[in-house]
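If you read the sequence shown in our numbering, its first letter stands for residue 92, the second for the next number, and so on.
Where is the CB? At the ideal position from N, CA and C, for every residue including glycine.
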Amino acid sequence: MNFVYEYISDFASVLKSWDVLKQVISTLALFLAFLFFRWATIVTVRRWNAPSGDEKRRWIIQVKNISLVILAAGLFGIWATELRAFALSLVAVAAALAISTKEIIQCFLGGFYKASTRPFEIGDRIEVNGCRGEVIDHNFLCTTVLEIGPRAR
């Protein structure tokens, strides 16, 4: 029960912030205006003497779609600052993931390149960064080389 009390008190402290309270009230007002506009327009279209029922249905669908677009634009306008902060947080997390997984991504890309181009096979003699030898095994991420020795000059 103490958990519920703490949750409610935390929620109340968030709502005490004037900016958040103003946004919540604006959201509720926008939603109520949305519902009223949609209801009033649909009732008006249904009372309209249209030549066919298809035309009434088309108008009702258009009213619903336009009202949803207006609602989405209004909500975006109300919550833009919080959405911007949330997007910035997502970008920061994505950048951190990209930086932290950079080497493993490079290993997989190198393995993909090695598998697609087949630059060498088992038994070939290669040199990589001063390490010379005969390829005795290779897989997607690893190549095993039997070292031959220093380069003769």
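Hey, how far is the Cα of residue i from the Cα of residue j?
i: Gly201; j: Ala187; result: 22 angstroms
i: Asn230; j: Asp110; result: 58 angstroms
i: Phe199; j: Asp215; result: 22 angstroms
i: Phe128; j: Leu159; result: 11 angstroms
i: Tyr96; j: Ser104; result: 12 angstroms
i: Glu194; j: Leu232; result: 12 angstroms
i: Asp228; j: Ser191; result: 29 angstroms
i: Ala171; j: Ser143; result: 42 angstroms
i: Gln197; j: Phe177; result: 29 angstroms
i: Ser245; j: Trp130; result: Past the edges of the chain, shown from 92 to 244, lies residue 245, and the structure says nothing about it.
i: Ile101; j: Leu174; result: Before going further, note that residue 101 is Asp rather than Ile in the sequence given. Each residue's Cα considered, the two are about 21 angstroms apart.
i: Leu179; j: Ile116; result: 25 angstroms
i: Thr234; j: Ile217; result: 11 angstroms
i: Ala183; j: Ala163; result: 26 angstroms
i: Lys205; j: Ala185; result: 28 angstroms
i: Ile213; j: Phe167; result: 60 angstroms
i: Ala141; j: Val134; result: 13 angstroms
i: Lys147; j: Leu123; result: 24 angstroms
i: Tyr98; j: Ile157; result: 38 angstroms
i: Trp139; j: Asn93; result: 56 angstroms
i: Leu181; j: Leu112; result: 24 angstroms
Drop a sphere of 10 angstroms on the beta-carbon of residue i, count the other beta-carbons inside from all chains shown, and report buried for 16 or more, exposed for fewer.
i: Val236; result: buried
Under 7 angstroms, do residue i and residue j count as touching if we go by C-beta distance?
i: Ile151; j: Val136; result: yes
i: Thr118; j: Val154; result: no
Assuming residue i and residue j form a contact by the criterion Cβ under 8 angstroms, report the distance between their Cβ atoms to the nearest whole angstrom.
i: Gly224; j: Glu238; result: 4 angstroms
i: Gly165; j: Leu121; result: 5 angstroms
i: Phe203; j: Val226; result: Wrong, their Cβ atoms sit about 18 angstroms apart, outside the cutoff.
i: Ile161; j: Gln114; result: Wrong, their Cβ atoms sit about 18 angstroms apart, outside the cutoff.
Report yes or no: is there a C-beta of chain B within less than 7 angstroms of the C-beta of residue i?
i: Gln114; result: In the structure shown, chain B cannot be found, because there is only a single protein chain.
Next on the checklist: Which runs of the beta strand (DSSP E) at least 3 residues long sit entirely within the segment 181–224? Give them in chain order.
Outcome noted: 216–219
Next on the checklist: If we require 4 or more residues per run, which alpha helix (DSSP H) segments fall completely within the segment 114–193?
Outcome noted: Fully enclosed alpha helix (DSSP H) runs of 4 or longer: 144–169, 171–191.
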